[in-house]
Amino acid sequence: LTLTDPDTSVALGAATYGLAIAGRGRKITSGAPRSFYLGLGGAETRQAVCVLPMGIEEGDVQRVEGDYALTVGQKVRFELYAADRRDPAGAVVTVEDHDRLAPLVTELHARRDEKRLPVALEAELSAIGTLDLSCVEAQPPDGAKAKRYALAFDLMAEGVGHEEASAGRRYGKQLVEAQTLIERVYSKRTRKEVEPKEVKGLQRGLEKVFGKRGHWEASLVRALFDILFRHHKGRRVTAEHERMFWMLAGYCLRPGIGHAKDEERVKGLFRLFDQRLAHHAELRSWQQFWICWRRVAAGLDEAAQVKIRDAIDPFLAPDEARLKKPKPFRNDAAWEMLELGAGLERVPAARRGELGGWILERTWMERDPRLWAALGRLGGRVPTYGSAHHVVGARTIERWMDHLLREDWSEFPTAPRAAIAMCRLTGDRARDVAESTRAKVDARLEALGIDAERRRPVTELVPLDDADRAAFYGDDLPLGLVGGDT
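Counting from 1 along the sequence shown, just add 95 to a position and that's the residue number in our numbering.
As structure tokens, this is what we get:
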């Protein structure tokens, strides 16, 4: 186009484009630059279905039918991935080197009282850079038109500010109000003027704006983290500033993966680890410090997780190990350290097994159910976010179970879940404990009154379900789709 008048250039461009798509002008097309995939929930390994293959042109609707169900009546998260692969529409793949794009969080409602709604998927690449996806009701009532649930993913969205911009569009003045609350407590201009009571009430203030924090959606918590982290230097003003910072940072960044630019967020936060606490005499601040790292652990790489273990091992090891305790850590936050250490799935298997041995030794004298819970996490056969090569060896677990089977499990409410995690059948001979051990565990669980369905993972190959992940991650949002029996 030859444009001499800037005032009319946009209008001329739009008119030319309109003529081109109507067939009355030249149109340059390239199709979808990559293949796009929608995450499926309920699988042991993360799976996704290809909804838009590479090369598909704008306006070319791709329909995917199968055993798919949409979760309705509650907030759900839709995960979108992209890859330079030529998979056909409907292909179900394991997410490996796929890029995770900005997710979409919303709440959908059915016309009937249902929790899961069978659907087909229809996807289309729009001219403005969005993936328009519709979940189409597969079994509408007689005589009724199939209901469509339209979702639009912004394929151009990236950068740390994306979640904040997304939340800003949804929450508007509420997010501005939240930013004012956070900046009043932590910004350089005002943080020294704030009374301790106001710092302590920051979380309550945010809940007044957005409701109870358990209902804060993904884009909102990441936006709040980004605002908070911009003022991280303000956390050291008082002990209350510090405690509140680590509590909010961990909650808003949990579980450390799953959203746009989380890798950068976690790396930025981990740069603060070596600074420890300014007010190191405050037990509650140390507790929140360790809880924060447990919450975001899935976003930490192996080097970071090993560094944390190096810091906390002297507090977890038996006295005869003679490990020097680094200052200024406090020994009375040891339970938080233990839970953190047990949740670090990227630490080499030998060191995870070593920690398990220390815990097992403590069970001889300490009757605390938290020790069992920690063993269950350390000895789990199926990692929640880590890799299989970090899993503690099966023979080590058999030795642990030989000791634990001599205990009275009725004294420990955490025993059944821990035993199931450590003896879960995977189909991998390198990870599965001996059949004789699994049989003993199954019999013990049955004697405790554990129903057959809960015991089934010990004797049959059963993928991890949403409840298993929720038990590990805490209160993360569920995925939006459940893919058949996978």
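For each residue, glycine too, the CB sits at the ideal point set by N, CA and C.
Rounded to the nearest angstrom, the Cβ distance from L203 to Y266 is 19 angstroms, too far for a contact under 8 angstroms. Secondary structure note for K402: its alpha helix (DSSP H) is the uninterrupted segment E397 to L411. If you draw a straight line from the Cα of R284 to the Cα of H326, it is about 11 angstroms long. At a Cβ-Cβ threshold of 9 angstroms, G475 and R519 count as neighbours. Remark: C-beta atoms of C387 and M342 approach each other more closely than 9 angstroms. Taking C-alpha positions only, G309 is separated from F248 by approximately 25 angstroms.
For V557, same chain residues with a beta-carbon under 7 angstroms away, outside a window of 5 residues either side, are R551 in chain order. DSSP lists A178 as the bridge partner or partners of S130. Closest by C-alpha distance to D192, out of V171, E219, I223 and A143, is A143.
For P213, the enclosing beta strand (DSSP E) stretches over residues R211 to L220. Contact between the region 415-429 and the region 364-375 is present: 3 or more CB-CB pairs across the two stretches fall below 8 angstroms. The alpha-carbon of G306 is positioned some 18 angstroms away from that of A344. In the structure shown, the three-state DSSP call for T201 is strand. L114 and G154 have their C-alpha atoms some 16 angstroms from each other. Contact annotation, K295 with V332: C-beta distance approximately 13 angstroms; criterion of less than 8 angstroms not satisfied. At least 9 angstroms separates the beta-carbon of D527 from that of T554.
Every unbroken stretch of the alpha helix (DSSP H) spanning 4 or more residues and falling wholly within the region 463-534 is given here in chain order: 464-474, 489-499 and 510-518. Beta-bridge pairing by DSSP links E232 to V214.
Setting aside the 5 residues that flank it on each side, W430 is surrounded in the same chain by R465, each with a C-beta closer than 8 angstroms to its C-beta; the list follows chain order. Straight through space, the alpha carbons of F507 and W467 are spaced by roughly 8 angstroms.
When secondary structure is reduced to three states using DSSP, A117 falls in the coil class, being assigned neither helix nor strand. Contact check for L216 against R195 fails: the beta carbons are separated by 9 angstroms or more. F173 carries a strand assignment under DSSP once its states are collapsed to helix, strand and coil. In the DSSP secondary-structure assignment, C145 is bridged to Y132.
Shown here, L165 sits in a strand according to DSSP, grouped into three states. According to the DSSP secondary-structure assignment, D194 is paired through a beta bridge with A177. Nearest in C-alpha terms to H485, of all of S282, D396 and H498, is D396. Proximity of the region 488-498 to the region 441-456 meets the contact definition, three or more beta-carbon pairs being nearer than 8 angstroms. Take R390, set aside five residues on each side of it, and the residues of its chain with a beta-carbon closer than 6 angstroms to its own are G345 and R349, in chain order.
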